[in-house]
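There are 2 protein chains.
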Amino acid sequence: MKNGIKVFAPATVSNVCCGFDILGFAIHGVGDEIIGKLSDRKGLRITKITGDQGRLPLEVEKNTAGLAAQRLLEHLGEAEIGIDIEIRKKMPFGSGLGSSAASAVAGAMLINEMFNQPLEKRALMEFAMEGEKLASGSYHCDNVAPSLLGGLIMCRDSETFDVHRIYTPPGLYATVVHPNIEILTKDARNILSNEVSLKGMIEQSGNLASLVLGMMNSDLDLIKKSLHDAVIEPQRAKLIPHFYDVKEAAMNAGALGCSISGSGPSIFALSPNSKIAEEVGERFKATFSKNNISNKVFVSEINNDGAVLI
Amino acid sequence: MKNGIKVFAPATVSNVCCGFDILGFAIHGVGDEIIGKLSDRKGLRITKITGDQGRLPLEVEKNTAGLAAQRLLEHLGEAEIGIDIEIRKKMPFGSGLGSSAASAVAGAMLINEMFNQPLEKRALMEFAMEGEKLASGSYHCDNVAPSLLGGLIMCRDSETFDVHRIYTPPGLYATVVHPNIEILTKDARNILSNEVSLKGMIEQSGNLASLVLGMMNSDLDLIKKSLHDAVIEPQRAKLIPHFYDVKEAAMNAGALGCSISGSGPSIFALSPNSKIAEEVGERFKATFSKNNISNKVFVSEINNDGAVLI
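These protein sequence lines are chains A and B, in that order.
The working numbering numbers the first residue of the first sequence as 10 and each following residue consecutively.
The working numbering numbers the first residue of the second sequence as 10 and each following residue consecutively.
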C-alpha cells in the first residue's frame with residue numbers, strides 16, 4: 010500500500026479526422042493530477058478540487074474521478090478503506106480535450122497505484138469508463154483509452170474495450186487551440202445527422218484505412234492525404250466561429266491535417282515536427298485573437314506514456 | 010517489340026467485408042489470358058475470344074480488354090501498328106470476381122509487354138480503368154488495382170488511382186465459391202440504400218481500421234474480429250440463396266471471415282492456412298449442392314504477383 014502518491018492522466022484529442030468515435034491520441038503537459046492519502050475515516054472522500062472554478066461535485070458517486078476510483082475499490086474488495094483524494098484539474102473542461110476521461114483515468118490509476126498495481130494498466134479501462142459514462146453519457150472509449158495507455162489508439166469496439174495502439178512516426182507533433190467559447194457535448198451530438206451518405210462513408214473509410222497505413226509506414230504524404238473528415242467536420246464546423254480560417258492558417262503553416270478535437274470547441278493540428286507545430290500554434294492564436302476570441306494553445310509531441318505515477 | 014506473347018491477369022475479390030469499394034485482393038489460377046501477335050494489317054484487332062460462351066464483343070472499342078489495349082496504344086502513339094489479340098477467359102463472368110477488371114488489366118498489360126514495358130506497371134492502372142468503366146460503369150479500382158498489382162490493395166481514392174498495398178500474413182488463403190446463379194451488378198448496386206446509419210459507419214470504420222492493423226501485424230485474432238460487414242452484406246445477402254448457411258458452414262470450418270465477393274453471387278472466405286481453406290471449400294460446395302445449386306470452388310493463397318507475362 011502506497012500513501013501520499015500523485016498520478017497524472019493526460020488530455021486527449023479524439024475524433025481524429027476520419028476516425029470519428031474511433032481514433033484518439035494523448036498529449037503532454039495538460040491533464041488531471043490526483044493525490045491520494047490514507048485516512049482514518051472509512052471510505053473514499055474527495056477533500057479538495059482545484060482548477061475547476063467550483064464546477065465539479067465533491068460527492069464521490071457524482072464525480073468522474075471519484076466514481077472510477079470507487080468502482081475499482083469495490084472490485085478490489087477494499088471499499089471500506091479510508092482514502093482522501095485531491096483533484097487538480099490542469100486542463101480546461103468542456104473543451105473537447107477529454108477532461109472527464111482524464112479525471113476518470115486518473116481516479117482508477119490512483120487506486121491501482123496505491124494498491125501496488127493489482128491490475129494491469131489495460132484492465133483499468135472498464136473502471137475509468139464508468140466515470141466517463143457518468144460525465145458524458147458516452148460509451149466510446151476514444152478519450153479514456155489514449156489517456157490511460159498513451160499514443161494513438163484505435164477503438165474497434167468500445168463495449169468490449171477492444172482497443173489497439175497504432176504506431177506513429179517519431180517526431181509527430183500536435184498543436185491544440187482551445188478558444189474560450191462553450192459547446193455542450195450534447196449539442197455537438199444533436200447537430201449530427203443519424204445518417205451518412207454511402208459515398209461519404211466510402212470516402213471516410215478510404216481515408217481511415219490510409220491513415221492507419223500511413224502512420225504504421227511513417228508515410229507523411231499518405232498521412233496528409235488521409236487526414237480529412239468528409240462526414241462530421243462539415244456538420245460541426247458551424248459551432249466554432251472562424252473554424253475554416255483557423256484550419257486554413259494551420260494548413261498554410263505546413264500542418265499535415267487540422268480538424269475539431271472531440272466535439273469541440275478545441276481544434277487540433279498534426280505536424281511533422283516541432284517547428285511547424287509551434288508555427289501552427291502561432292497562427293491558431295493569431296487567428297482567434299484578431300477575432301477577439303481569447304484562446305490557449307498547447308504544443309506537444311504525441312504522448313506515448315498515457316497515465317503515469319508522478 | 011515482342012511478338013507472340015501471352016499475359017495473365019488474375020481474378021479478384023473486392024468489397025472485402027468492411028472494405029466496401031476500398032479493399033480487394035487477387036487470387037491465383039483464375040483470370041484472363043491474352044495473346045498478342047504482330048499483324049500486317051493496321052490497328053488493333055480481336056481475332057478470337059474463348060471461354061465467354063459468345064457473350065463478349067469482338068469490336069475493340071466495345072470490348073473491355075480491347076479498349077484498355079487501344080487506349081494504351083494511343084498513349085504510346087502506336088495506334089497504327091497492326092496487332093491481333095486472342096482473349097481466353099479462364100474465369101466465370103458476372104460472378105463478382107472482377108472478370109471485366111481482369112480483361113482490362115490483361116489488355117493494358119499485353120501492350121506494355123509487347124513494347125518492352127515503356128510504362129511502369131502501376132501506370133497501367135488508368136488504361137485498365139478505361140476498360141473497367143466501359144464494362145461496369147464503375148469508377149472504383151478495387152478490382153483493377155489488385156488484378157494488376159497483386160496482393161491486398163486498399164484504394165484510398167479511385168479517381169486519382171491512389172492505391173496502397175497492405176501486407177498480408179504469410180499463409181493467408183482465400184476460398185471462393187461461384188454458385189451458378191446470376192446477379193447483375195446494376196441490381197446489386199440498386200438494392201443498396203444511399204444512406205448508412207452513423208452507428209453503422211462507426212462500426213464499419215472500426216473494423217476496417219482494425220483489419221488493416223491486423224493484416225500488417227499478422228494478428229489473426231484481430232483479423233477475425235474485424236472481418237465483418239455491418240453495412241452492405243445485410244442488404245445484399247438476400248440476392249444469394251442460402252448465403253447465411255454457406256457463411257455459417259465456412260465459419261464452422263475455421264474461416265477467419267466470409268462475405269460476398271464484389272457484388273456477388275460469388276462468396277469468399279479467408280482462412281489462416283490451406284488446410285482450413287480446403288475444408289471451407291468442401292463445405293461451400295456441399296451447402297450449395299444439397300440445395301441443388303451447381304457451383305465451382307477455387308482455393309488460392311493471396312496472389313501477390315498480379316498481372317504477369319507468361
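Even glycine gets a Cβ: it sits at the ideal position worked out from N, Cα and C.
Fair warning: this is a prediction, and the values are worked out from it, not measured in the lab.
Check, Outcome
"Measure the C-alpha to C-alpha separation of A144 of chain A and V185 of chain A and round it to an integer number of angstroms.", "22 Å"
"Contact check, S272 of chain B vs R174 of chain B under 8 Å by CB: the rounded distance?", "In fact, because the Cβ distance is near 24 Å, the residues do not count as touching under 8 Å."
"Roughly how many whole angstroms lie between the Cα atoms of H237 of chain A and L207 of chain B?", "17 Å"
"Does any residue of chain D bring its CB to less than 8 Å from the CB of A197 of chain B?", "The structure shown contains no chain D; its protein chains are A and B."
"Within the same chain, show all residues whose beta-carbon is closer than 8 Å to that of L248 of chain A, passing over the 5 residues directly before and after it, in chain order.", "I192, D196, A197, I200, G273 and P274"
"By Cβ distance below 6 Å, which residues in the same chain neighbour A286 of chain B in space, the five residues on each side in sequence not counted?", "Y182, T184, S280 and V308"
"Starting from the C-beta of P127 of chain B, find all residues in its chain whose C-beta is less than 7 Å away, skip the five residues before and the five after it, and write them out in chain order.", "L85 and N121"
"Please report the distance separating the alpha-carbon of P250 of chain A from that of A295 of chain A.", "14 Å"
"Closer than 8 Å by C-beta to M10 of chain B: which residues in its own chain qualify, once you throw out the five before and the five after it? Chain order, please.", "L47, M123, F124 and N125"
"Ignore the nearest five residues each way along the sequence and tell me which others in K317 of chain B's own chain have a CB closer than 6 Å to its CB.", "At residue 317 of chain B the sequence reads Val, which differs from the Lys that was named. Here the set comprises F17."
"Here's the rule I'm using: 16 or more other beta-carbon atoms within 10 Å means buried, otherwise exposed. How should I298 of chain B be labelled?", "Residue identity check: residue 298 of chain B is Ser in the sequence provided, not Ile. S298 of chain B comes out exposed."
"Which runs of the beta strand (DSSP E) fall wholly inside the segment 136–197 of chain A and span at least 3 residues, in chain order?", "161–166, 171–175 and 182–188"
"Could you tell me which of B:A35, B:P19 and B:I43 sits nearest to G13 of chain B, measuring between CA atoms?", "B:I43"
"How many whole angstroms separate the CB atoms of A113 of chain A and A74 of chain A, which I take to be in contact at a CB cut-off of 8 Å?", "6 Å"
"In terms of residue numbering, what span does the beta strand (DSSP E) encompassing V205 of chain B cover?", "E204 to S206"
"Taking the DSSP output, what are the residues bridged to P274 of chain A?", "According to DSSP, P274 of chain A bridges with nothing at all."
"Is there contact between the segment 128–136 of chain A and the segment 51–68 of chain A, where contact requires at least three CB pairs shorter than 8 Å?", "no"
"Taking the alpha-carbon of L265 of chain B as reference, which of B:D254, B:K234, B:F252 and B:S156 has the nearest alpha-carbon?", "B:K234"
"Hey, how far is the Cα of A300 of chain B from the Cα of E89 of chain B?", "Note that residue 300 of chain B is Asn in the sequence shown here, rather than Ala. Roughly 53 Å between the two C-alpha positions."
"What are the boundary residues of the beta strand (DSSP E) that R97 of chain B is part of?", "I92 to K99"
"Under 8 Å between the Cβ atoms of S219 of chain B and M210 of chain A?", "no"
"DSSP three-state label for N226 of chain B, please.", "coil"
"Verify whether the separation of the beta carbon atoms of Q213 of chain B and S214 of chain A is less than 8 Å.", "yes"
"Run through DSSP, which three-state label would G209 of chain A get?", "helix"
"Just grab the DSSP bridge partners of R54 of chain B for me.", "B:D93"
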